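Chains as they are written, first to last, in the working numbering: chain A, 6 to 117; chain R, 48 to 159.
Positions of the beta carbon are idealized from the N, C-alpha and C atoms, including for glycine.
Computed from a predicted model, the values in this text were never measured in an experiment.
Here the structure is laid out as structure tokens; the discussion comes afterwards.
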Amino acid sequence: SQTIHQWPATLVQPVGSPLSLECTVEGTSNPNLYWYRQAAGRGLQLLFYSVGIGQISSEVPQNLSASRPQDRQFILSSKKLLLSDSGFYLCAWNTASNQPQHFGDGTRLSIL
Amino acid sequence: EDQVTQSPEALRLQEGESSSLNCSYTVSGLRGLFWYRQDPGKGPEFLFTLYSAGEEKEKERLKATLTKKESFLHITAPKPEDSATYLCAVQAPTSGYSTLTFGKGTMLLVSP
């Protein structure tokens, strides 16, 4: 069966520090991969999606970037974190665009 | 712009007290409507996909229905373990690739 892993589960970082969040999927090949941010009182906001290695689409201009160095690995990065980057970051995957997306358990990021 | 509105924002029920959650949407060319359940500190868990008006899906005490403008998630005789935030998302073609637009969710609390 397919599983998705995100780490770390929680992270506290100072303003201006770099960020790297990792997501891996097991049990499937060539998945579509997604990064979302969920802020308090707001819906899930799609940040990036990828349909293949090295292919990244950005949904909103921001301080973050994403990379897909391997088929089942998706990384969310920042060179310098802002206070506004705080939130709950979720990774998701599916096998086709019209299929349900399946989510990991997220990373709670707090910026001090 | 695609929009998804969920109501109520919060709902408190007694165990066994049936009710419905609403998801209203405005999209051009709906490809699918998805319901998720999210427990605190966890990623959303997929429940149902509905593709066309008149379609219904059931799972245990949950039943999802779809019209051309809204979807309902009916909860029959809920139990405390049904307490969670329920998210609705719609999929419509955007820039040649379908992405999901999420509502802010309905927080359900079922008391014993």
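Among the residues of its own chain, which have a CB less than 8 Å from the CB of residue 100 (chain R), if the five just before and after it don't count? For residue 100 (chain R), where only same-chain residues beyond five positions count, the Cβ hits under 8 Å are 113, 114 and 115.
According to DSSP, what are the bridge partners of residue 98 (chain R)? When beta bridges are read from the DSSP output, residue 98 (chain R) appears opposite no residue.
Closer than 8 Å between beta carbons: that is the criterion. Which residues of the stretch 84 to 106 of chain R meet it against chain A? Residues of the stretch 84 to 106 of chain R with a C-beta less than 8 Å from any C-beta of chain A: 88, 89, 90, 91, 92, 93 and 96, listed in chain order.
Straight-line CA distance for residue 106 (chain R) to residue 136 (chain R)? If I take the Cα positions, the gap works out to 18 Å.
Determine whether the Cβ of residue 52 (chain R) lies closer than 8 Å to any Cβ atom of chain A. Under the 8 Å criterion on CB atoms, residue 52 (chain R) is classed as non-interfacial with respect to chain A.
Put residue 105 (chain A) into one of helix, strand or coil per three-state DSSP. Coil, per DSSP.
Would you say residue 120 (chain R) and residue 134 (chain R) are within 8 Å of each other, going by their C-beta atoms? In this structure, the beta-carbon distance from residue 120 (chain R) to residue 134 (chain R) does not fall below 8 Å.
Determine whether the Cβ of residue 126 (chain R) lies closer than 8 Å to any Cβ atom of chain A. Not one chain A Cβ lies under 8 Å of residue 126 (chain R).
Nearest chain A C-beta to residue 147 (chain R) closer than 8 Å, yes or no? Yes, because at least one Cβ of chain A sits closer than 8 Å to the Cβ of residue 147 (chain R).
Assigned secondary structure, residue 140 (chain R) (DSSP; H/G/I helix, E/B strand, else coil): DSSP places residue 140 (chain R) in strand when its eight states are reduced to three.
Can you give the Cα-Cα distance for residue 139 (chain R) and residue 103 (chain A), rounded to whole angstroms? Distance between the alpha carbons of residue 139 (chain R) and residue 103 (chain A): 9 Å.
Any C-beta of chain R under 8 Å from that of residue 110 (chain A): At least one C-beta of chain R is nearer than 8 Å to the C-beta of residue 110 (chain A).
Do the CB positions of residue 68 (chain R) and residue 53 (chain R) come within less than 8 Å of each other? Going by C-beta atoms, residue 68 (chain R) is nearer than 8 Å to residue 53 (chain R).
Using a Cβ-Cβ cut-off of 8 Å, state whether residue 61 (chain R) counts as contacting chain A. For residue 61 (chain R), not one C-beta of chain A is nearer than 8 Å to its own C-beta.
Nearest to residue 28 (chain A) by alpha carbon, out of A:97, A:113, A:116 and A:101? Of all alpha-carbon atoms in A:97, A:113, A:116 and A:101, the one lying nearest the alpha-carbon of residue 28 (chain A) is that of A:97.
Go to residue 17 (chain A), then tell me how far its beta strand (DSSP E) extends in each direction, as first and last residue. Run containing residue 17 (chain A): 15 to 18, per the beta strand (DSSP E) assignment.
Residue 56 (chain A) versus residue 37 (chain A): straight-line alpha-carbon distance, rounded: Rounded to whole angstroms, residue 56 (chain A) and residue 37 (chain A) show a C-alpha spacing of 5 Å.
Contact with chain R by residue 103 (chain A), beta-carbon distance below 8 Å: So yes, residue 103 (chain A) belongs to the interface.
Counting contacts by CB-CB distance shorter than 8 Å, is residue 49 (chain A) in contact with chain R? Chain R, which has a Cβ nearer than 8 Å to the Cβ of residue 49 (chain A), makes this yes.
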